[in-house]
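Below is one structure, written out as C-alpha cells, with a few remarks after it.
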Amino acid sequence: MGTILTIQGMTRFFGGLAAVMDLSFKVESGEILSLIGPNGAGKTTVFNLITGTLLPTQGKVLFQDHEITGSRPHETTSFGIARTFQTTSLFYDETVIDNLIVSYRCRTRMGLWDALFQTGRSRKDERRCRQKAEEILEFIGLQERAWELARNIPQESQKRLALGLALATEPKLMLLDEPTGGLTEEENVSMMALIQKVRASGITVLLIEHKMKIVMNISDRIVVLNYGQKIAEGLPQEVGRNSAVIEAYLGVGYGEN
Amino acid sequence: MSRIGRQWLILTILVIVVIIPQVVTNKYYMNILIMSGIWSIVALSLNLILGYTGQVNLAHGAFFGIGAYASALLMLKLKMGFWLALPFAAVIAGFFGFLIGLPALRTRGSYFAIGTLCFNIIVTLIVDRWEGLTEGARGLMGIPGPSPIPLPWGGEITFNTMAAQYYLVLCFLLLTIFVLRRIMQSLVGRTFRAIRGNEELAEAMGIHAMRTKILSFTVSCFFAGIGGVLYASYIGFLSPEITDYHVSFDSLIYIMIGGVGTIVGPIIGTLLIVTIPETLHIAAEFRLLLYGLILIVMIIYLPRGIVGWAKVLMSRKRKQEVSWEQS
Chain B
6 MGTILTIQGM
16 TRFFGGLAAV
26 MDLSFKVESG
36 EILSLIGPNG
46 AGKTTVFNLI
56 TGTLLPTQGK
66 VLFQDHEITG
76 SRPHETTSFG
86 IARTFQTTSL
96 FYDETVIDNL
106 IVSYRCRTRM
116 GLWDALFQTG
126 RSRKDERRCR
136 QKAEEILEFI
146 GLQERAWELA
156 RNIPQESQKR
166 LALGLALATE
176 PKLMLLDEPT
186 GGLTEEENVS
196 MMALIQKVRA
206 SGITVLLIEH
216 KMKIVMNISD
226 RIVVLNYGQK
236 IAEGLPQEVG
246 RNSAVIEAYL
256 GVGYGEN
Chain S
63 MSRIGRQWLI
73 LTILVIVVII
83 PQVVTNKYYM
93 NILIMSGIWS
103 IVALSLNLIL
113 GYTGQVNLAH
123 GAFFGIGAYA
133 SALLMLKLKM
143 GFWLALPFAA
153 VIAGFFGFLI
163 GLPALRTRGS
173 YFAIGTLCFN
183 IIVTLIVDRW
193 EGLTEGARGL
203 MGIPGPSPIP
213 LPWGGEITFN
223 TMAAQYYLVL
233 CFLLLTIFVL
243 RRIMQSLVGR
253 TFRAIRGNEE
263 LAEAMGIHAM
273 RTKILSFTVS
283 CFFAGIGGVL
293 YASYIGFLSP
303 EITDYHVSFD
313 SLIYIMIGGV
323 GTIVGPIIGT
333 LLIVTIPETL
343 HIAAEFRLLL
353 YGLILIVMII
363 YLPRGIVGWA
373 KVLMSRKRKQ
383 EVSWEQS
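Protein chains in written order, with the working numbering: chain B, 6 to 262; chain S, 63 to 389.
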C-alpha cells in the first residue's frame, strides 16, 4: 500500500518551549495509527502542523510523496487531508444537511457568475453537494436529524456530524482529535464502529485518543509522545509493555510495586 | 408561511409599491420614500458582509461616498453620461473595497471593525481636504440627474418627475434584492455563512476564507457604490459629510432593527427609521437620542431584529401546529 504521510524531523517552538521536538513517523495507507501521550504532550500541535494551521520551526511533512510543509489549511484539505477538532466544531446555526453541503463545497468549482445566472454548472454543483450530503448522512446514520439545527442535536450526534463534515471533503487521510471525548461507554462502541467503517471505506486514519481501551482495540499501530518527543512506536501490545510509556503515564517505579 | 402564500404576499407588496406614486402626490412623502429606497440598497449591501459573512464593516459610509463622489466627478469633470458613470462608479467603489479588504480582512472580529472605522475617517478627511478634486467643504454642486433613455419605438423615458426617480430607485432596489438572493441561495452564499459560523472550521473544510471574505466585501461595496450614485444624482449636491461614519452607523442601525442576515430585515429597518422620525417631525437631536434608546431595547430584547423575531414566532407556531396534529 505504501506510505501516505511522512513527518520528518518536525520541531515547533512556542517561545522558548519546544511543543514538538524532532518528531519523525510515518502513516501507512489504510491503517489506523493512534497518537497518544499525556496531556500537553503535543498531539494536537502535531495535527495543526500537518494541516498547516501552524508552521513548523523545522522539519517536513510529505503527503503521498509530495512535500506540503507550509501549505495553508484549506490547501491541505484540498490535497485530501481532513481533520476534526478536539472541541466539537460545527456550523451550529445551520441544519445538519446544510453543514454537510457546505463541506463538499471545496470539491466544486462554481463561482459568483454561476450563482448570478444560475448556469448549468451551478445547478450541477448544487446537485452534487446535495447527493454527497445525503450519502454522508446515511454513512454516519443521521438521516432522521437532517433538518434539525446542529446545535439542537445530542452530543453524540454532533460528534458523528463533525466526523461527517471531514468525510464530506473526500479525504484520503483523516485526522481525528479525540472523537470520543465526553461520550458514554456505549457511545464509545458505536463511535469506534464508525471509525472502523471509515477505514473500511479506504480512508487512512490518524487518531488522537485518551481512552486506552479504545486505542488498544482499534489501532493498527501506536505512536507515543511525551513532552513533544516520540518515546515509543509500535503495535498496541508492544507499546503497552514499553517501560518508557508506562513511566510517562504512571510515573517512575509504578511497575516495581 | 406556505410557498404559495409567500408568493402572493410578495406579489401584493410589489403591486402596492408600483402603485404608490400614482396615489401619493405629496412631494414630501415621495422624497422620504425615494430616500428610504436608496438607504435600503445601502443597508442591504452592508448586510451581505456584516449579516451573512459576519464581518463587522464600519466603513460602509466611505464606500457609499466613494460611489457618490466617483459618479459626480465622472459626470462633472469628464462629462460622462449618468448611465456610463453609474457602473463605473460602482466598480470603483467595489475596487476600493477589494483594496481595503486585502489588509483589513486579515484581521478578525473587533479588529476588523476598528480598522474599517479608521479607513472611513481617512476617506472623509481626504474628501474634505483634497479641494482640487472634490471642492472640499464647499461641496460638489449641479450633479446631473439620469439622462433620458430613448425608446426604440420613439419617445424617451425621462427622470424629471419624483415618480420617475422613485421608479428608478425601485428598479435598483429590486436588482439588489435579486442579486443578493441569488448569491445567498447558492453555494457561494453558503460559504459566506460558513465563514460567519466558524472561520477556522470553514478553512478546515477547504474553503479559502480570505478569498471568500474579499468576494463578499467587494460585492457589498459595489452595491454601496450604486446607492451612492443614486443619491448623488437625486440630490444633485455632495459634501464630505456624506462619506462619513455616521452613514456607516445609520446603515448598521437599519440592519440591527430590521434583522441581521435577512433580505427583508434591512428594508423594514430602513423604512421604519427613515419614515417614522420624519413623519413625526422629531428634531434631529432627539432623533439621535431615540436611535440610541431603540437600539438598546432591540439588542436586549430582540437581538435578531424585527424579522428575526417574526421568524422565531412563525417557527414556534408551526411547531405547535405539528404537535396538535400528532396528539
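All C-beta atoms, glycine included, are put in the ideal place defined by N, C-alpha and C. Small disclaimer: the values here were computed from a predicted structure and weren't measured.
Alpha-carbon to alpha-carbon, residue 204/B and residue 156/S: In the second sequence, residue 156/S corresponds to position 94, counting from 1. In the first sequence, residue 204/B corresponds to position 199, counting from 1. Cα to Cα, residue 156/S sits roughly 47 Å from residue 204/B.
Which residues in the same chain have their Cβ closer than 7 Å to the Cβ of residue 234/S, if we skip the five residues on either side of it in sequence? The count along the second sequence starts at 1 and reaches residue 234/S at position 172. 103, 288 and 292.
Contained beta strand (DSSP E) runs [length at least 3] in the stretch 70 to 143 of chain B, N- to C-terminal order: Listed in chain order, the complete beta strand (DSSP E) runs (minimum 3 residues) inside the stretch 70 to 143 of chain B are 86 to 88.
To which residues does DSSP link residue 17/B through a beta bridge? The residue given as residue 17/B occupies position 12 in the first sequence. The partner list for residue 17/B (beta bridge, DSSP) reads 25/B.
Proximal residues of chain B, C-beta to C-beta of residue 260/S below 7 Å: Translated into the one-based positions of the second sequence, residue 260/S becomes position 198. Near residue 260/S (Cβ distances below 7 Å), the residues of chain B are 94 and 96.
What separation, rounded to the nearest whole angstrom, lies between the Cα atoms of residue 197/B and residue 98/B? Translated into the one-based positions of the first sequence, residue 197/B becomes position 192. Translated into the one-based positions of the first sequence, residue 98/B becomes position 93. In this model, residue 197/B and residue 98/B are separated by some 27 Å (Cα to Cα).
Quick one: what's residue 39/B bridged to in DSSP? Position 34 of the first sequence, counted from the first residue, corresponds to residue 39/B. Paired residues: 212/B and 227/B.
Write down the C-beta distance between residue 266/S and residue 88/B rounded to the nearest angstrom, noting that I regard them as a contact closer than 8 Å. For the purposes of this step, residue 266/S is taken as the residue at position 204 of the second sequence. For the purposes of this step, residue 88/B is taken as the residue at position 83 of the first sequence. Contact between residue 266/S and residue 88/B holds, since their C-beta atoms are separated by about 6 Å, short of 8 Å.
Taking DSSP as the reference, what is the three-state secondary structure of residue 325/S? Taking the first residue of the second sequence as 1, we reach residue 325/S at position 263. In the structure shown, residue 325/S sits in coil (DSSP, three-state: anything other than H, G, I, E or B).
DSSP three-state assignment for residue 302/S, whether helix, strand or coil: Locating residue 302/S in the second sequence gives position 240, counting from the first residue. The answer is helix: DSSP assigns residue 302/S an H, G or I state.
Would you identify the three-state DSSP class for residue 30/S, choosing helix, strand or coil? As displayed, chain S neither begins before 63 nor continues past 389, which places residue 30/S out of reach and without an answer.
For chain B, is any of its Cβ atoms less than 8 Å away from the one on residue 388/S? The count along the second sequence starts at 1 and reaches residue 388/S at position 326. Its pLDDT being 48, under 50, residue 388/S is placed unreliably by the model, and the measurement read from it follows with that caveat. No, its Cβ sits nowhere closer than 8 Å to a Cβ of chain B.
Validate contact between the stretch 328 to 337 of chain S and the stretch 298 to 317 of chain S using beta carbons, cut 8 Å, 3 pairs: Contact holds: three or more Cβ-Cβ distances are below 8 Å.
Would you decide whether residue 109/S is buried or exposed? Buried here means 16 or more other CB atoms lie within 10 Å of its CB. In the second sequence, residue 109/S corresponds to position 47, counting from 1. By the Cβ neighbour-count rule, residue 109/S is buried, with 16 or more other Cβ atoms within 10 Å of its own.
Do you know how far the Cα of residue 81/S is from the Cα of residue 70/S? The residue you call residue 70/S lines up with position 8 of the second sequence. The residue you call residue 81/S lines up with position 19 of the second sequence. Those two C-alpha atoms are separated by around 16 Å.
Starting from the beta carbon of residue 106/B, find every residue of chain D whose beta carbon is closer than 7 Å, and list them in chain order. The structure shown contains no chain D; the protein chains it does contain are B and S.
Of all the CB atoms in chain S, is at least one closer than 8 Å to the CB of residue 110/B? As a first step, residue 110/B must be located in the first sequence, where it is residue number 105. Closer than 8 Å to some Cβ of chain S, the Cβ of residue 110/B qualifies, so yes.
Counting beta carbon pairs with one atom in the stretch 231 to 243 of chain B and one in the stretch 22 to 33 of chain B, are three or more of them shorter than 8 Å? The answer is yes - the stretch 231 to 243 of chain B touches the stretch 22 to 33 of chain B, with three or more Cβ pairs under 8 Å.
Could you pull the DSSP bridge partners for residue 234/B from this structure? Numbered from 1 along the first sequence, position 229 holds the residue referred to as residue 234/B. DSSP lists 231/B as partners of residue 234/B.
Could you have a look at residue 174/B and say whether DSSP puts it in helix, strand or coil? Sequence index remark: in the first sequence, residue 174/B carries index 169 (1-based). Residue 174/B: coil per DSSP, three-state reduction.
Within 10 Å of its beta-carbon, does residue 249/B have 16 or more other beta-carbons around it, so buried, or fewer, so exposed? On the first sequence, position 244 is the one that residue 249/B refers to. Flag for residue 249/B reads exposed.
Selected residue, minimal CA-CA separation from residue 183/S, among 120/S, 143/S, 141/S and 262/S: As a first step, residue 183/S must be located in the second sequence, where it is residue number 121. Looking from the CA of residue 183/S, the closest CA among 120/S, 143/S, 141/S and 262/S belongs to 120/S.
Euclidean distance between Cα positions of residue 378/S and residue 372/S: Translated into positions along the second sequence, residue 378/S becomes position 316. Translated into positions along the second sequence, residue 372/S becomes position 310. Each residue's alpha carbon lies about 10 Å from the other.
Strictly below 7 Å CB to CB, what residues from chain S border residue 78/B? For the purposes of this step, residue 78/B is identified with residue 73 of the first sequence, where counting begins at 1. Within chain S, the residues near residue 78/B are 265 and 266.
Cα separation between residue 262/B and residue 136/B? To locate residue 262/B, count along the first sequence from 1; it is residue 257. To locate residue 136/B, count along the first sequence from 1; it is residue 131. Confidence in residue 262/B is poor, its pLDDT being 42 and thus under 50, which makes the residue's placement unreliable; the coordinate value appears in the next sentence. If you take the alpha carbons of residue 262/B and residue 136/B, they lie about 58 Å apart.
Identity of the residues DSSP links to residue 212/S by a beta bridge: One-based indexing of the second sequence puts residue 212/S at position 150. Answer is 218/S.
Measuring straight from C-alpha to C-alpha, what distance separates residue 364/S and residue 370/S? Indexing the second sequence from 1 puts residue 364/S at position 302. Indexing the second sequence from 1 puts residue 370/S at position 308. Using only the alpha carbons, I get a separation of about 8 Å.
Based on DSSP bridge pairs, tell me the residues matched to residue 183/B. Working through the first sequence from its first residue, we reach residue 183/B at position 178. Looking at the DSSP output, residue 183/B bridges to nothing.
What residue range does the alpha helix (DSSP H) around residue 86/S cover? The residue given as residue 86/S occupies position 24 in the second sequence. Note, residue 86/S: premise wrong, no alpha helix (DSSP H); not H, not E.
Residue 48/B lies in the beta strand (DSSP E); which residues open and close that run? Residue numbering aside, residue 48/B sits at position 43 when the first sequence is read from its first letter. Run containing residue 48/B: none in the beta strand (DSSP E); it sits in the alpha helix (DSSP H), 48 to 56.
DSSP state of residue 158/B, grouped into three classes? To locate residue 158/B, count along the first sequence from 1; it is residue 153. Three-state result, residue 158/B: coil.
Does the stretch 117 to 131 of chain B come close enough to the stretch 164 to 181 of chain B to have 3 or more Cβ pairs within less than 8 Å? Touching, no.
Using 8 Å as the threshold, is the C-beta distance between residue 237/S and residue 300/S below it? Taking the second sequence and counting its residues from 1, the one referred to as residue 237/S is at position 175. Taking the second sequence and counting its residues from 1, the one referred to as residue 300/S is at position 238. Cβ atoms of residue 237/S and residue 300/S: not closer than 8 Å.
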